[in-house]
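Line by line, the protein sequences give chains A and S. Heads up, the first sequence is in the numbering used here, so the first residue is 24 and it goes up one at a time. Heads up, the second sequence is in the numbering used here, so the first residue is 24 and it goes up one at a time. Just so it is clear, CB atoms sit at the ideal spot from N, CA and C, and this is done for glycine as well. As the structure is a prediction and not an experimental result, all values here were calculated from the model.
2 protein chains.
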Amino acid sequence: MKQSQLFTKTTKETPKDETSFNAQILIRAGFIDKVGAGMYNFLPLGLRVLNKINNIVREEMATVSGQEVLMTALTPKEVWQATDRWDNFDVLFKLTGNDDKEYALGATHEEIVTPLAKKFLCSYKEMPKSIFQIQVKFRNEKRAKAGLLRGREFIMKDMYSFHTDQADLDEYYETVKAAYFRIYERLGLKDLTYLTYSSGGAFSKFSHEFQTLTEAGEDHVYICPDCQVAVNREIIAEHNFCPVCKRADLTEAKAIEVGNIFKLGTKFSSAFDMKYMDQNGDSQEVIMGCYGMGPSRIMGTIVEVFNDERGIIWPESIAPFKIHLLSLKENKAATAIYQELINNNIEVLFDDREDVGAGAKFADADLIGCPYRLVVSSKTLERGGVELKARTSDQMEIIPLDQIINQFKR
Amino acid sequence: MKQSQLFTKTTKETPKDETSFNAQILIRAGFIDKVGAGMYNFLPLGLRVLNKINNIVREEMATVSGQEVLMTALTPKEVWQATDRWDNFDVLFKLTGNDDKEYALGATHEEIVTPLAKKFLCSYKEMPKSIFQIQVKFRNEKRAKAGLLRGREFIMKDMYSFHTDQADLDEYYETVKAAYFRIYERLGLKDLTYLTYSSGGAFSKFSHEFQTLTEAGEDHVYICPDCQVAVNREIIAEHNFCPVCKRADLTEAKAIEVGNIFKLGTKFSSAFDMKYMDQNGDSQEVIMGCYGMGPSRIMGTIVEVFNDERGIIWPESIAPFKIHLLSLKENKAATAIYQELINNNIEVLFDDREDVGAGAKFADADLIGCPYRLVVSSKTLERGGVELKARTSDQMEIIPLDQIINQFKR
Numbered sequence: 024m025k026q027s028q029l030f031t032k033t034t035k036e037t038p039k040d041e042t043s044f045n046a047q048i049l050i051r052a053g054f055i056d057k058v059g060a061g062m063y064n065f066l067p068l069g070l071r072v073l074n075k076i077n078n079i080v081r082e083e084m085a086t087v088s089g090q091e092v093l094m095t096a097l098t099p100k101e102v103w104q105a106t107d108r109w110d111n112f113d114v115l116f117k118l119t120g121n122d123d124k125e126y127a128l129g130a131t132h133e134e135i136v137t138p139l140a141k142k143f144l145c146s147y148k149e150m151p152k153s154i155f156q157i158q159v160k161f162r163n164e165k166r167a168k169a170g171l172l173r174g175r176e177f178i179m180k181d182m183y184s185f186h187t188d189q190a191d192l193d194e195y196y197e198t199v200k201a202a203y204f205r206i207y208e209r210l211g212l213k214d215l216t217y218l219t220y221s222s223g224g225a226f227s228k229f230s231h232e233f234q235t236l237t238e239a240g241e242d243h244v245y246i247c248p249d250c251q252v253a254v255n256r257e258i259i260a261e262h263n264f265c266p267v268c269k270r271a272d273l274t275e276a277k278a279i280e281v282g283n284i285f286k287l288g289t290k291f292s293s294a295f296d297m298k299y300m301d302q303n304g305d306s307q308e309v310i311m312g313c314y315g316m317g318p319s320r321i322m323g324t325i326v327e328v329f330n331d332e333r334g335i336i337w338p339e340s341i342a343p344f345k346i347h348l349l350s351l352k353e354n355k356a357a358t359a360i361y362q363e364l365i366n367n368n369i370e371v372l373f374d375d376r377e378d379v380g381a382g383a384k385f386a387d388a389d390l391i392g393c394p395y396r397l398v399v400s401s402k403t404l405e406r407g408g409v410e411l412k413a414r415t416s417d418q419m420e421i422i423p424l425d426q427i428i429n430q431f432k433r
Numbered sequence: 024m025k026q027s028q029l030f031t032k033t034t035k036e037t038p039k040d041e042t043s044f045n046a047q048i049l050i051r052a053g054f055i056d057k058v059g060a061g062m063y064n065f066l067p068l069g070l071r072v073l074n075k076i077n078n079i080v081r082e083e084m085a086t087v088s089g090q091e092v093l094m095t096a097l098t099p100k101e102v103w104q105a106t107d108r109w110d111n112f113d114v115l116f117k118l119t120g121n122d123d124k125e126y127a128l129g130a131t132h133e134e135i136v137t138p139l140a141k142k143f144l145c146s147y148k149e150m151p152k153s154i155f156q157i158q159v160k161f162r163n164e165k166r167a168k169a170g171l172l173r174g175r176e177f178i179m180k181d182m183y184s185f186h187t188d189q190a191d192l193d194e195y196y197e198t199v200k201a202a203y204f205r206i207y208e209r210l211g212l213k214d215l216t217y218l219t220y221s222s223g224g225a226f227s228k229f230s231h232e233f234q235t236l237t238e239a240g241e242d243h244v245y246i247c248p249d250c251q252v253a254v255n256r257e258i259i260a261e262h263n264f265c266p267v268c269k270r271a272d273l274t275e276a277k278a279i280e281v282g283n284i285f286k287l288g289t290k291f292s293s294a295f296d297m298k299y300m301d302q303n304g305d306s307q308e309v310i311m312g313c314y315g316m317g318p319s320r321i322m323g324t325i326v327e328v329f330n331d332e333r334g335i336i337w338p339e340s341i342a343p344f345k346i347h348l349l350s351l352k353e354n355k356a357a358t359a360i361y362q363e364l365i366n367n368n369i370e371v372l373f374d375d376r377e378d379v380g381a382g383a384k385f386a387d388a389d390l391i392g393c394p395y396r397l398v399v400s401s402k403t404l405e406r407g408g409v410e411l412k413a414r415t416s417d418q419m420e421i422i423p424l425d426q427i428i429n430q431f432k433r
């Protein structure tokens, strides 16, 4: 992509109505645009990042046999009444249609997925099954001041699994847990992300959150220094020791919840009378699990974790482009390099702008945060190549023109 | 994908609460699920088709320099008041947030995109620009009985372009028109789809719809037998002749609107005071165009157009799978073929179900409508291969086992 053609441009000004760091810097760099509290447009650079996160999530859900669907965002009042959540789930946006029926905007989809799965999963032979979607969700939050960390409208991956018995759910739950850690590893977040024990409800002792440690977090967790597990604030009074090694000297830390998984048991199958026929021809209640993860919140988390005073530092797996190619008044030579990178399917943002000075181009590259910066100038060409600098390093080196592709091709 | 693992199964029963053919057959085949009037879940097979349509649209929008974004579905009341549409656009779903602010669910996005573009497009040097999104849209329809053809919640591609003058918009508009016809060609709809002249508003004599002829259509158009253009009902009283060749004997036909493009002029830039600096340093109003297309409606249209008494007949470009491979009690041989197809990146749905008879498998293949059916049975293996039948034909032929990949690889 040529930067001269890019829809957005960067700005040095911090947006006045935005208090969260992740939103401030993403707005300044042209990744997102604020429509209102907790409501953001994803702009071309931002949507590229979001789609890359979505695709990593999608690939890992496929490894645990998740089948992708897309459920409605409009959900009828009746299904929420069936689970007693119409009046008891305070973040539901509610509205009335021209048909005088009432609807909620989907904040989560147990109430839609259970009646749906009931239509297809009738026999023990048809389970286990697992379906997921990556979808816009809505939560009528009173307080939405954390940028992408707490949206009134946000992107969520929600998966739901259906099992004949608890042992099968327990086994599947562990495979999803492992898939979640693979996702955090691919996103560069694994070392900072703690499996966090939280309250389980009627059907299991614990549920689990995945909490990424950062001062920007709104959550408080109590971490075990040995096990990379934590206990959340909700249950710390009762469980003030590490659930794995039993150490009692847990340390408080701030964190962002980047995922949560939950054994639902028969809570929803019971509400919707979802039963299956077992091997003996007897009718049994279906056992369910649910597995949430917010790609837009993860995008905000990554920005909070990976940055410096000059801008964002994207992990390569989700960077909008791998390379930011800067032409300093050498557009002819730079265009040839740009074309060669494109021809080799290497993602590159090409700063070909002729009316922008070197300082502004360097500042933009740091702010936008692509992993590698390539500079083409008369000086680098005299030295026979281009200047390469990783966003994470201050070291620069000259790469000969005929070595550029080799440098970046896997 | 193994059919034994597929989340859905087909049904012979026509859903009772569904009067539209496209929804009936898509529900029976397991592509979609009805949540309420004009509200459908996309199931694994249906989402595969929808995503393929989306990707064709996305590719063609890229050819006209469209940059993809994702705007919010929640839109503040103020922006609709600025264009006088809060009280005058009867399909808006309206709701109130916990912040006591009022919102509409996005039915179209001129009111969001114009203030957004105003932030980035300030100079003649920064135009033309064009941005689009593929997004869930909401319309509070009183009557939503046409399945995917008229959703209260549906998928829409909406693109908006920004220009310094009318001539630039006029030129761009024609390139988008051509891109639309490339999309219909790739979807197999081009021969049936008529460029249809409709009312233009203050800034141009006509806007244009793309109308696909079918008895299932809710629209009436008046077609020229020579020019593959039409006039819509709205303007036929004034323009009762072909806009191209001037023939007056137009023929009435029923059709589905599968796209529409519109020269907005300064209607929205004026409402939001979106101006740019021209070459002389003078402030000028931005000229806009908008370009809509509904991938979910297109999916319904294709089902209405391409079917027979046995089921759907998907065009290869958007079929959920290219091949439906049926094992008739020969799962070992069929699994080897399945694996080889997978290894060669050929999309295949493998009916490996052991408790389903041949008749039901054939019926499912016809109902689901993949372009090619491959049958593996003791008979076909005795004849040295598999039986190939195209969904569009009654002819069958035996393909030797070692020729299967060659047959399908491009």
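C-alpha distance - THR274 of chain A paired with MET316 of chain S, whole-angstrom precision: 54 Å
The segment 162-176 of chain S touching the segment 111-120 of chain S, judged by at least three CB pairs closer than 8 Å: yes
Nearest by alpha-carbon distance to ILE284 of chain S: which of S:ASP331, S:LEU218 and S:HIS262 is it? S:LEU218
Pull up the CB-CB distance for GLN234 of chain A and ALA253 of chain A, whole angstroms please, since I reckon it's below 8 Å. 6 Å
Based on the DSSP secondary-structure assignment, which residues constitute the bridge partners of LEU236 of chain S? S:ALA278
Report all residues from its chain with a CB closer than 8 Å to the CB of LEU144 of chain S; omit the five preceding and five following residues, and keep chain order. MET150, LYS152, PHE185, MET297, TYR299 and VAL309
Along the beta strand (DSSP E) that carries SER292 of chain A, what are the first and last residues, could you check? Segment 290-294 is the alpha helix (DSSP H) holding SER292 of chain A; no beta strand (DSSP E) there.
Quick one: what does DSSP say ASP425 of chain S is sitting in, helix, strand or coil? helix
Can you tell which of A:ASP417, A:GLU327 and A:THR106 has its C-alpha closest to the C-alpha of ALA294 of chain A? A:THR106
N- and C-terminal bounds of the alpha helix (DSSP H) containing GLN362 of chain S: 354-366
Neighbourhood of THR403 of chain A by C-beta, 7 Å cutoff - its chain only, sequence neighbours within 5 removed: VAL409, GLU410 and ILE421
Chain-ordered neighbours of PRO99 of chain S on chain A, where CB pairs are closer than 9 Å: VAL58, GLY59 and MET62
Here's the rule: buried if 16 or more other CB atoms are within 10 angstroms of the residue's CB, otherwise exposed. What is LYS290 of chain S? buried
Within this structure, are the beta carbons of GLY334 of chain S and ASP417 of chain S separated by less than 7 Å? no
The alpha helix (DSSP H) that contains ASP193 of chain A, what's its start and end? 189-209
Can you pull the chain A neighbours of ILE154 of chain S, defined as C-beta to C-beta under 7 Å? PHE30
Keeping to the same chain, check which residues put their C-beta closer than 6 Å to that of ARG9 of chain A; ignore five residues upstream and five downstream. In this structure chain A extends from 24 to 433, so residue 9 of chain A is not present and cannot be described.
For the segment 28-110 of chain A, which segments carrying the alpha helix (DSSP H) assignment without a break, of at least 4 residues, lie completely within its bounds, in sequence order? 44-51, 67-86 and 100-105
Chain-ordered neighbours of ILE135 of chain S on chain A, where CB pairs are closer than 8 Å: VAL58 and ASN64
Residue from A:PRO394, A:THR198, A:ALA356 and A:GLU238 with nearest C-alpha to GLY407 of chain A: A:ALA356
Hey, is ALA130 of chain S's beta-carbon within less than 7 Å of any beta-carbon in chain A? no
Kindly say whether PRO67 of chain A, judged by its beta-carbon, lies nearer than 7 Å to any beta-carbon of chain S. yes
Determine, using beta-carbon pairs with one atom in the segment 196-203 of chain S and one in the segment 86-97 of chain S, whether at least three such pairs fall under 8 Å. yes
Quick check: is the beta carbon of THR415 of chain S nearer than 7 Å to any beta carbon in chain A? no
PHE143 of chain S touches chain A at which residues, Cβ-Cβ below 7 Å? PHE30, THR31 and LYS32
Please report the residue range of the alpha helix (DSSP H) in which GLU133 of chain A lies. 133-141
Neighbour list for GLU175 of chain S in chain A, Cβ cutoff strictly below 8 Å: The displayed chain sequence assigns Arg, not Glu, to residue 175 of chain S. LEU97 and GLY120, listed in chain order.
Please name the residue in A:GLY61, A:THR34 and A:MET311 whose C-alpha comes closest to that of ARG51 of chain A. A:THR34
Report the option in A:ILE206, A:LYS142 and A:ILE391 whose CA atom is closest to the CA atom of GLU83 of chain A. A:ILE206
Segment contact, 8 Å Cβ cut-off, at least three pairs: the segment 230-246 of chain A with the segment 264-279 of chain A: yes
Does chain S have any CB closer than 7 Å to the CB of PHE185 of chain A? no
Can you tell me the Cα-Cα spacing of ASP301 of chain S and ARG108 of chain S, whole angstroms? 30 Å
Give the single residue among S:LYS213, S:ASN368 and S:LYS384 whose Cα lies nearest to the Cα of ASP374 of chain S. S:LYS384
Any idea which residues DSSP pairs CYS313 of chain A with across the strands? A:TYR183 and A:PHE285
Within the same chain, show all residues whose beta-carbon is closer than 7 Å to that of VAL398 of chain S, passing over the 5 residues directly before and after it, in chain order. LEU349, LEU351, VAL409 and GLU410
Taking one C-beta from the segment 177-195 of chain A and one from the segment 256-272 of chain A each time, how about it: are there three or more such pairs within less than 8 Å? no
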